[in-house]
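Data first, discussion second: the structure below is written as structure tokens.
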Ligand SMILES: [Zn+2]
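In the working numbering, the protein residues as written are 979 to 1278.
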């Protein structure tokens, strides 16, 4: 039997313009998907209302930049802000409890952060009804999933098998907003995503998300975590590093930009997405990061 073509997605947050590091990850996902004859879906992660509003017009600019580079997607754009009912239903189907901890209380009780994330030690899991009642008067609770101390392993096409502890992570924040870890999983299950290409800063959250996928009746995806673009200090590329968005680089044609992105993925300076696709499969450098040096992308 022939394997089903994979379904991957790109998921920009319209809270800023895409920079070359974002576009490079998008190109990598597009290439891995097209090389496998799969479908590449587009999901706008716009749940953070305040930040989306502050970056007025970013969604349209994000999508226009992707199209300019020839990164065309399949189907309609999916927006998280239009899917709140799905998230609400998912939370209702999971074992959860209210958490009243402040950031500081968690920092004091939790073990050392791992990749910037502190596993929640379960402080509020065993509060009595009376205690919860009392705390609600002082602080709106976050909703956490009760994971029962699970561990879960995911498969990454580059990193191999990656196992991690699943803590009782937040599903709904204290301010009522649905958490990133919940929304992406609900969407991936609902959209039929079975292959996830994204930056390797998210590798450590993959076991949590894959575990939740299974709780919601989905099959965990295969992951392809791609190295990020960093500046010369080794920090993730950001606006402070100078001219890093297409709007900052009007002297470069889409072909010039693609040539940089493609070369930094180890595929040579392809000037169109089709040319880059023809250069696939690249070697292992394809999954490596890149360095932003003297205003251009370079292999590390
Ligand atoms: Zn708590």
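Cβ atoms here follow ideal geometry from the backbone N, Cα and C, with glycine treated the same way. All values derive from a computational prediction rather than experimental measurement.
If I measure Cβ to Cβ from residue 1185 and keep anything under 8 Å in the same chain, skipping five residues before and after, which residues do I get?
1129, 1130, 1131, 1132, 1140, 1141, 1142, 1143 and 1144.
Could you check if residue 1117 is buried or exposed, using at least 16 other CB atoms within 10 Å of its CB as the buried criterion?
exposed
So, at 8 Å on beta carbons, what are the nonlocal neighbours of residue 1159 in its own chain, with the 5 sequence-adjacent residues on each side left out?
1147, 1148, 1149, 1183, 1186, 1187 and 1190
Is it true that the region 1094-1105 meets the region 1046-1061, where meeting means three or more beta-carbon pairs spaced less than 8 Å apart?
no
Go to residue 1202, then tell me how far its beta strand (DSSP E) extends in each direction, as first and last residue.
Element bounds for residue 1202: 1200-1204.
Quick check: is any heavy atom of ligand 1 less than 7 Å from the C-beta of residue 1101?
Yes - ligand 1 has a heavy atom lying nearer than 7 Å to the Cβ of residue 1101.
Three-pair Cβ contact test at 8 Å for the region 1159-1174 versus the region 1015-1024
yes
Which whole-angstrom value describes the C-beta separation of residue 1077 and residue 1114, a residue pair presumed to lie in contact below a C-beta threshold of 8 Å?
No, residue 1077 and residue 1114 are not in contact; Cβ-Cβ is about 12 Å, not under 8 Å.
Between residue 1250 and residue 1236, which are expected to be in contact by the criterion C-beta below 8 Å, what is the C-beta distance as a whole number of angstroms?
6 Å
When you compare only the Cα positions, how much space is there between residue 1275 and residue 1048?
Taken atom to atom, the span from the alpha-carbon of residue 1275 to that of residue 1048 is near 19 Å.
Beta-carbon within less than 6 Å of residue 1011's beta-carbon, same chain only, minus the 5 sequence neighbours each way: which residues are those?
Contacts found: 986 and 1018.
Euclidean distance between Cα positions of residue 1198 and residue 1253:
32 Å
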